[in-house]
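Participant:
There are 2 protein chains.
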Amino acid sequence: MREFILFSRGVTKEFKLNDLPNAGRMDLIARCISTAIFLSYSLRKDVKFHVVLNGPPSPPLTVTFFTNELKNVSPDERNIASHINIAIKNFGIGKKNSEPGIYIDKKSFEELVKEKIEEYGSNNIFYLHMDGEDIRNIEMKKDSVFILGDNKGIPKKEENFLLRNEIRKVSVGRIEYLTSQVIAIVNYEMDRRGL
Amino acid sequence: MREFILFSRGVTKEFKLNDLPNAGRMDLIARCISTAIFLSYSLRKDVKFHVVLNGPPSPPLTVTFFTNELKNVSPDERNIASHINIAIKNFGIGKKNSEPGIYIDKKSFEELVKEKIEEYGSNNIFYLHMDGEDIRNIEMKKDSVFILGDNKGIPKKEENFLLRNEIRKVSVGRIEYLTSQVIAIVNYEMDRRGL
Chain A
7 MREFILFSRG
17 VTKEFKLNDL
27 PNAGRMDLIA
37 RCISTAIFLS
47 YSLRKDVKFH
57 VVLNGPPSPP
67 LTVTFFTNEL
77 KNVSPDERNI
87 ASHINIAIKN
97 FGIGKKNSEP
107 GIYIDKKSFE
117 ELVKEKIEEY
127 GSNNIFYLHM
137 DGEDIRNIEM
147 KKDSVFILGD
157 NKGIPKKEEN
167 FLLRNEIRKV
177 SVGRIEYLTS
187 QVIAIVNYEM
197 DRRGL
Chain B
7 MREFILFSRG
17 VTKEFKLNDL
27 PNAGRMDLIA
37 RCISTAIFLS
47 YSLRKDVKFH
57 VVLNGPPSPP
67 LTVTFFTNEL
77 KNVSPDERNI
87 ASHINIAIKN
97 FGIGKKNSEP
107 GIYIDKKSFE
117 ELVKEKIEEY
127 GSNNIFYLHM
137 DGEDIRNIEM
147 KKDSVFILGD
157 NKGIPKKEEN
167 FLLRNEIRKV
177 SVGRIEYLTS
187 QVIAIVNYEM
197 DRRGL
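Protein sequence lines correspond, in order, to chains A and B. Every letter in the first sequence is one number past the one before it in this note's numbering, and letter 42, counting from 1, is 48. Every letter in the second sequence is one number past the one before it in this note's numbering, and letter 9, counting from 1, is 15.
#1: Using only the alpha-carbon positions, how far apart do residue 58 of chain B and residue 191 of chain A sit?
#2: So what does DSSP say about residue 9 of chain A, is it helix, strand or coil?
#3: Verify the CB distance criterion: does residue 8 of chain B have a CB-CB separation below 8 Å to chain A?
#4: Could you pull the start and end residues of the beta strand (DSSP E) that residue 192 of chain B belongs to?
#5: Which value, in whole angstroms, describes the spacing of the CA atoms of residue 196 of chain A and residue 180 of chain B?
#6: Between residue 190 of chain B and chain A, is any beta-carbon pair separated by less than 8 Å?
#7: Please decide whether residue 181 of chain A counts as near chain B, where near means a Cβ-Cβ distance under 8 Å.
#8: Answer yes or no: does any C-beta atom of chain A fall closer than 8 Å to that of residue 194 of chain B?
#9: Judging by CA-CA distance, which residue of B:149, B:33, B:27 and B:145 is the nearest neighbour of residue 175 of chain B?
#10: Tell me which residues of the region 80-102 of chain B have at least one Cβ-Cβ distance to chain A shorter than 9 Å, keeping chain order.
#11: Check each candidate in A:23, A:77 and A:156 and name the one with the smallest Cα separation from residue 87 of chain A.
#12: Are the C-beta of residue 24 of chain A and some C-beta of chain B separated by less than 8 Å?
#13: When the Cα of residue 33 of chain A is compared with those of A:163, A:48, A:133 and A:85, which residue comes out closest?
#14: Could you tell me if residue 47 of chain B is buried or exposed, where buried requires 16 or more neighbouring beta carbons within 10 angstroms of its beta carbon?
#15: Alpha carbons only, please: which of A:112, A:125 and A:148 is nearest the one belonging to residue 61 of chain A?
#16: For the beta strand (DSSP E) containing residue 109 of chain A, list its first residue and its last residue.
#17: From the DSSP output, in three-state form, read off residue 3 of chain A for me.
#18: Any idea if residue 99 of chain A is buried or exposed, counting beta-carbon neighbours within 10 angstroms, 16 or more meaning buried?
#19: Would you mind working out which of A:105, A:67, A:69 and A:130 sits nearest residue 79 of chain A, comparing C-alpha positions?
#20: I'd like to know whether the C-beta of residue 76 of chain B is nearer than 8 Å to at least one C-beta of chain A.
#21: Rounded C-beta distance between residue 149 of chain A and residue 13 of chain A? I'm assuming under 8 Å.
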């Protein structure tokens, strides 16, 4: 499984689809998910994308898209965001899985990362950061987890948590790319290796 | 200058920002532009993105985004699309440059490519296609033009025109990526070479 974890400031309430940037950069979140899970006319197999929403009013919430089960999603930002909206809405009435392949739960970034450490081991989890080791020099397995921050990055506290748990910083270059661009590059580097 | 040319089915009239996919995949177009021109909190320098709109009612129209002049654009699809909408609207009353860095004209794909051949020479123009030569084996200069098709690709007639003009097919792998993902990868490969 290839997994992505995005630390975001996305809001934890329903939001307007006509103004995604003001919903804690829900546009960025949707773009990241789309980039991670889609190929031309198909979804990737065996990809899980987790976004941790840390915005108001009741953070954290973690929404997960699992490509092997997803139905009726399109790559445009508005469509992806609409599914997040549905998940948030239904979580309000206690539903954690109201659409195929989309899950939501009251789970923090650190709780989620801890789960993944138990599942994959720290050495298969990579924190994407401009100052990390060059991704082209890193050995990676098919089963890998990639952690990314939104436009504001991962806060110091959470970053220290990652480093304390021996999660390595990996870089795709000394350029500050959009998070969605980093995801496209990570998928590409994995694909190049046949993983 | 790094230039991109996207052959699209985008509509050539004003469209609804709430339904970009039904405007000739304006979502795809906006995503491609955003991916090509943005970095985190900044625009790339020296990038021109041309999208040829071949959709109804009055194709073709070519819209160009030039990063050195652009103002007030955001990376979300809706924002980029709104600027295309403004360009189309103002072209209706004869304006070819109603916002800084955004140009529109009645120009076809073949006319545009011919201009670029004169400007750069065929050997610095690359047609991104799954079946092309591996981009990692291709010598490229800082001044390069990349041609891409939308989700339906470049029609046979236009493709033959490219091949007749000795424009090489270049590939980023044997995977059918979204056009926006290909653009992220092309930028990354250029960046890696310091171009």
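For glycine and all other residues, C-beta sits at the position ideal for the given N, C-alpha and C.
Facilitator: From the atom records:
#1: Within the second sequence, numbered from 1, the residue matching residue 58 of chain B stands at position 52. Within the first sequence, numbered from 1, the residue matching residue 191 of chain A stands at position 185. Computed Cα separation, rounded: 26 Å.
#2: Within the first sequence, numbered from 1, the residue matching residue 9 of chain A stands at position 3. Looking at residue 9 of chain A - three-state DSSP - the assignment turns out to be strand.
#3: Start at 1 with the first residue of the second sequence, and residue 8 of chain B comes out as number 2. Cβ-Cβ to chain A under 8 Å: no for residue 8 of chain B.
#4: Here residue 192 of chain B refers to the residue found at position 186 when the second sequence is read from its first residue. In the DSSP assignment, residue 192 of chain B falls outside any beta strand (DSSP E) and lies within the alpha helix (DSSP H) extending over 185-198.
#5: Numbered from 1 along the first sequence, position 190 holds the residue referred to as residue 196 of chain A. Numbered from 1 along the second sequence, position 174 holds the residue referred to as residue 180 of chain B. If you draw a straight line from the Cα of residue 196 of chain A to the Cα of residue 180 of chain B, it comes to about 13 Å.
#6: Residue numbering aside, residue 190 of chain B sits at position 184 when the second sequence is read from its first letter. Yes, contact with chain A.
#7: To locate residue 181 of chain A, count along the first sequence from 1; it is residue 175. Interface residue, yes.
#8: Residue 194 of chain B sits at position 188 when you count from the first residue of the second sequence. With 8 Å as the cut-off, residue 194 of chain B counts as an interface residue toward chain A.
#9: Indexing the second sequence from 1 puts residue 175 of chain B at position 169. Nearest of B:149, B:33, B:27 and B:145 to residue 175 of chain B, Cα basis: B:145.
#10: 80, 81, 82, 83, 84 and 85
#11: Stepping through the first sequence from its first residue, residue 87 of chain A is reached at position 81. Closest option to residue 87 of chain A, Cα to Cα, is A:23.
#12: Taking the first sequence and counting its residues from 1, one reaches residue 24 of chain A at position 18. At least one chain B Cβ lies under 8 Å of residue 24 of chain A.
#13: Here residue 33 of chain A corresponds to residue number 27 of the first sequence, with the count starting at 1. Nearest of A:163, A:48, A:133 and A:85 to residue 33 of chain A, Cα basis: A:85.
#14: Position 41 of the second sequence, counted from the first residue, corresponds to residue 47 of chain B. The residue in question, residue 47 of chain B, is exposed, as its Cβ has fewer than 16 Cβ neighbours within 10 Å.
#15: Here the question's residue 61 of chain A lines up with position 55 in the first sequence. If we check each option's Cα against that of residue 61 of chain A, A:112 comes out closest.
#16: Residue mapping note: residue 109 of chain A aligns to position 103 of the first sequence, counting from 1. Residues 108-111.
#17: With chain A running from 7 to 201 in the structure shown, residue 3 of chain A is simply not present.
#18: The count along the first sequence starts at 1 and reaches residue 99 of chain A at position 93. Exposed, by the Cβ-count rule.
#19: Within the first sequence, numbered from 1, the residue matching residue 79 of chain A stands at position 73. Cα-wise, what sits closest to residue 79 of chain A is A:105.
#20: Along the second sequence, read from residue 1 onward, the residue named residue 76 of chain B stands at position 70. No, its Cβ sits nowhere closer than 8 Å to a Cβ of chain A.
#21: For the purposes of this step, residue 149 of chain A is taken as the residue at position 143 of the first sequence. For the purposes of this step, residue 13 of chain A is taken as the residue at position 7 of the first sequence. Wrong, their Cβ atoms sit about 21 Å apart, outside the cutoff.
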